[in-house]
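*Asks:* The letter at position 511 of the sequence shown is residue 524 when you use our numbering, and the numbering goes up by one with no holes.
Got a structure for you, questions after.
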Amino acid sequence: MPTESDDKAFFEELKREFLSEASFLLEQCDESCLKLDDEGLRQEALDEIFRVFHSVKGGAAAVGFEDLSRFAHSVENCLGILRKSPDLISPNVTTILFQSNDALKARIEALKNNPESRWDIADLSEDVRRTTEGLESQLQGGAPVPLEPRLGKVSRNSDDQGKTQKNTVRVDTKYIDTVLDLIGELVVIKSQLLHSNFLVQDSSRLKLDGLLSLFDKTVRDLQDRALRMRMTPLKSAFMKAQRQVRELSQKLEKPANIEITGEATEIDRDLIEQLSDPLVHLIRNAMDHGIEGKDERQQAGKPEQATIKLSAQQARGRIVIEIVDDGRGISREKVLASAEKKGLLPPGTDLKNMSDGEVFGLLFKPGFSTAEKVSDLSGRGVGLDVVKSNLEKIKGTIEIESTVGKGTTFRFSIPLTAAIFDGMVVMVGQSHFILPLDKIDEISQLRKMKLYSAGERKVVDFRGEMIDVVCMQEAFGLLGRAEPAPSESDVIVVLHFMDYRYAVRLQSIIGQAQVVVKSLGEQFQKIPDISGAAVLGDGKIALIVDSDGVARRMGVSNSGFGSLARNSETRVANL
């Protein structure tokens with residue numbers, strides 16, 4: 014016979030199931046809300062949204078979340094009117110529905126963390142009530158009731174409970190079934206390998222080799238399937254961008270349309286969460302300072318409605334995302350003038366010979382801006398250093414292309430997954446490190462290159478270009494009493510960083526490897542420029558190097574080194 018504690022446990026399980034299902038439904042509801050601007054899809058969208066709020070209302074009441082149920086019921090009343098007369102939909106009504114959905118999502122996340130948290134929903138509840146009354150009045154032939162939604166202030170959960178980290182993901186059962194099948198195969202192969210009768214017989218060597226080959230293939234298949242379980246489409250991130258364009262278009266009075274392609278492209282769940290902020294910032298920049306106002310676009314002979322294109326595609330094991338606007342573009346001259354004014358250019362920089370990539374790269378300098386006035390939203394360039402920093406944390410890169418009067422393209426590339434890493438295993442002193450394979454341009458021995466000293470810096474002649482050389486032992490504090498003297502047997506690895514190259518000097522190359530990334534424990538998280546660790550095939554531990562971080566920390570620069578060997582006034586000693 015069930016006890017009181019059994020009943021309580023069962024009820025708590027029902028709550029967890031409801032919160033999980035409600036989260037899923039409300040995420041889908043965002044997509045339906047975006048359809049409301051399309052008259053052809055409006056009725057279908059209203060039916061979908063109504064079903065979501067009706068389900069949430071009933072489910073919340075069943076498990077005792079009364080505040081959630083009451084609010085969902087109030088929105089359901091509003092939706093009931095709209096389903097009868099879809100032509101009553103307006104931008105403000107759509108915004109209210111978006112905000113209501115946001116409020117429910119935030120409340121769901123808060124309840125997952127703390128079922129006792131309070132919910133301040135008074136302002137939004139009042140907006141929903143006024144909207145419903147206004148729609149009823151219109152339905153009966155009355156005049157529309159003007160309503161300005163409270164943008165940016167929807168609801169508040171006590172103790173900021175809405176900010177939680179999602180540790181769950183929905184997985185198609187076919188992936189789980191495949192993984193279970195592969196695990197079953199591994200169990201069989203393991204049993205055969207442990208069978209000692211043939212392991213000690215030379216005649217069974219071929220059978221052993223065959224089993225090992227099968228074992229290797231099955232493990233790789235299992236790894237691939239497990240990674241697929243972590244993958245999720247970019248659709249959710251792109252939907253946020255679509256909604257942002259809609260809201261900013263309304264707020265800034267800049268008619269704009271967003272064209273999306275590649276939203277079905279899949280990416281690691283952890284990466285998509287870290288991709289959200291850079292995407293939001295770049296869309297905001299495009300709308301606020303890239304897209305012109307209606308009058309300016311008319312004078313330029315452009316359509317009144319601006320276009321932003323957001324696309325994604327998979328290429329060479331990475332995801333490439335582009336944000337293209339048809340706005341005013343970025344002035345190369347303004348960027349250089351602002352950089353000079355702020356002292357961001359080294360003395361003697363040849364401005365005329367700087368490539369567009371180098372010029373637009375200045376936009377990523379902290380605090381850089383070409384904006385003539387401060388906006389409450391953004392400034393073209395303001396905060397782009399944060400965008401770049403966030404992308405670099407997930408092994409991403411970003412570049413800009415722009416033509417004045419035509420528009421701007423932001424293109425960034427990120428890995429498919431954060432769980433698998435392709436690298437080059439190297440020896441630094443007696444320690445193993447892994448350099449990112451996609452950052453390596455060339456590997457050579459020191460005896461084949463010319464190494465120079467320029468003051469306190471070391472540089473190497475790489476194909477006629479003088480580039481900085483970093484001693485890896487020095488960079489990671491592995492020196493004894495003094496830096497080891499360069500040896501002809503030392504290895505030079507040339508890496509690219511931003512728009513230029515630098516080299517690292519180390520003892521030897523072990524070889525290329527694809528490894529599973531392990532996070533560092535809390536006690537090791539403060540080690541500079543180490544992004545993780547991996548277990549090598551021989552059981553040894555290797556640290557994964559953040560090569561861009563090394564370049565920044567060690568002061569790598571291309572300033573003036575291009576002409577260093579040809580400058581007779583500079584003392585250059587051949588080592």
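We treat Cβ as the ideally placed atom computed from N, Cα and C, and that holds for glycine.
#1: Under a Cβ-count criterion, where at least 16 other Cβ atoms within 10 Å of its own Cβ denotes burial, should Ser262 be classed as buried or exposed?
#2: Looking only at C-alpha atoms, which of Glu412, Ile273 and Ile334 sits nearest to Ser368?
#3: In whole angstroms, give me the CA-to-CA distance for Ser289 and Asp194.
#4: Put Thr430 into one of helix, strand or coil per three-state DSSP.
#5: Using CA coordinates, which residue listed in Gln458, Arg297 and Ala432 is at the minimum distance from Arg243?
#6: What are the residues that DSSP puts in a beta bridge with Val399?
#7: Using C-beta distances below 7 Å, list every residue in its chain close to Ser98, excluding the 5 sequence neighbours before and after it, in chain order.
#8: To the nearest angstrom, how far is the alpha carbon of Val507 from that of Arg470?
#9: Would you kindly work out how many angstroms separate the C-alpha atoms of Lys21 and Leu27, rounded to a whole number?
#10: DSSP state of Ser33, grouped into three classes?
#11: Residue range of the alpha helix (DSSP H) that Gly545 falls in?
#12: Tell me where the alpha helix (DSSP H) around Glu57 begins and ends.
#13: Report yes or no: do three or more beta-carbon pairs, one from the stretch 312-321 and one from the stretch 268-286, lie closer than 8 Å?
#14: Do Val69 and Ala85 come within 8 Å of each other at the CB atom, strictly closer than that value?
#15: Short of 7 Å in beta carbon distance, which residues of its chain neighbour Val258, apart from the five on each side in sequence? Order them along the chain.
#16: Once DSSP output is grouped into helix, strand and coil, what is the label at Pro449?
#17: Would you decide whether Phe23 is buried or exposed? Buried here means 16 or more other CB atoms lie within 10 Å of its CB.
#18: Can you tell me where the beta strand (DSSP E) with Gly409 in it begins and where it stops?
#19: Can you list the beta strand (DSSP E) stretches of 3 or more residues lying completely in the stretch 463-525, in chain order?
#20: Among residues of its own chain, excluding the 5 on either side of Arg11, which ones have a beta-carbon nearer than 7 Å to its beta-carbon?
#21: Write down the C-beta distance between Gly436 and Asp338 rounded to the nearest angstrom, noting that I regard them as a contact closer than 8 Å.
#22: Based on Cα-Cα distance, which residue from Pro128, Asn90 and Gly93 lies nearest to Glu79?
#23: Check this for me: beta carbons of Gly342 and Val417, under 8 Å apart or not?
#24: So, under 8 Å CB-CB, Ser87 and Val141 are touching, yes? Tell me the CB distance rounded to an integer number of Å.
#25: What residue from Asp308, Arg424, Val530 and Asp363 has the CA that sits closest to Val558's CA?
#26: Which residues in the same chain as Ile336 place their Cβ atom closer than 6 Å to its Cβ, once the five residues preceding and following it in sequence are excluded?
#27: If you follow the alpha helix (DSSP H) that Asp363 is in, where does it begin and where does it stop?
#28: Taking only the alpha-carbon atoms, compute the straight-line gap between Leu247 and Ile285 and give it to the nearest angstrom.
#29: Could you tell me the distance, in whole angstroms, from the CA atom of Lys315 to the CA atom of Asp308?
#30: CB-CB under 6 Å to Pro428, same chain, minus the five flanking residues each way: which ones, in chain order?
#31: So, at 7 Å on beta carbons, what are the nonlocal neighbours of Arg169 in its own chain, with the 5 sequence-adjacent residues on each side left out?
#32: Judging by CA-CA distance, which residue of Arg514, Val192 and Ala74 is the nearest neighbour of Asp561?
#33: Do the CB positions of His67 and Glu44 come within less than 8 Å of each other?
#34: Helix, strand or coil for Phe373 per DSSP?
#35: Might you give, ordered along the chain, the residues of its own chain that have their beta carbon closer than 7 Å to the beta carbon of Ile589, omitting 5 neighbours on each side?
#36: Please go through the same chain and pick out, in chain order, the residues whose beta-carbon is closer than 6 Å to the beta-carbon of Val483, but skip the five residues on each side of it.
*Replies:* Well, looking at it:
#1: buried
#2: Glu412
#3: 35 Å
#4: Thr430 falls in the coil class under three-state DSSP.
#5: Ala432
#6: Answer is none; Val399 lacks a bridge partner.
#7: Leu152
#8: 16 Å
#9: Near 10 Å, if we compare the C-alpha coordinates of Leu27 and Lys21.
#10: Reduced to three states, the DSSP call for Ser33 is helix.
#11: Taken as a continuous stretch (DSSP letters only), Gly545 belongs to no alpha helix (DSSP H), being part of the beta strand (DSSP E) at Ile543 to Val548.
#12: For Glu57, the enclosing alpha helix (DSSP H) begins and ends at Arg55 to Ala75.
#13: yes
#14: yes
#15: Ala269, Ile271, Ile296, Met300 and Ile321
#16: Strand, per DSSP.
#17: exposed
#18: Per DSSP, Gly409 belongs to no beta strand (DSSP E) and is neither H nor E.
#19: 463-467, 470-475, 478-484, 504-510 and 513-519
#20: Outside the shown range of the chain, which is 14 to 588, sits residue 11, and nothing can be said about it.
#21: With a Cβ gap of about 36 Å, Gly436 and Asp338 do not count as contacting.
#22: Pro128
#23: yes
#24: 5 Å
#25: Val530
#26: Excluding the 5 residues flanking it on each side, Ile336 has same chain C-beta neighbours closer than 6 Å at Leu295, Leu323 and Phe423, in chain order.
#27: Unbroken run through Asp363: none, as it is neither H nor E.
#28: Rounded to whole angstroms, Leu247 and Ile285 show a C-alpha spacing of 7 Å.
#29: 10 Å
#30: Arg331 and Lys408
#31: Here Arg169 scores only 48 on pLDDT, less than 50, and its place in the model should not be relied on; the value that follows carries that caveat. The answer, listed in chain order, is Asp133.
#32: Arg514
#33: no
#34: helix
#35: What is shown of the chain runs 14 to 588, which leaves residue 589 out entirely.
#36: Val517 and Met567
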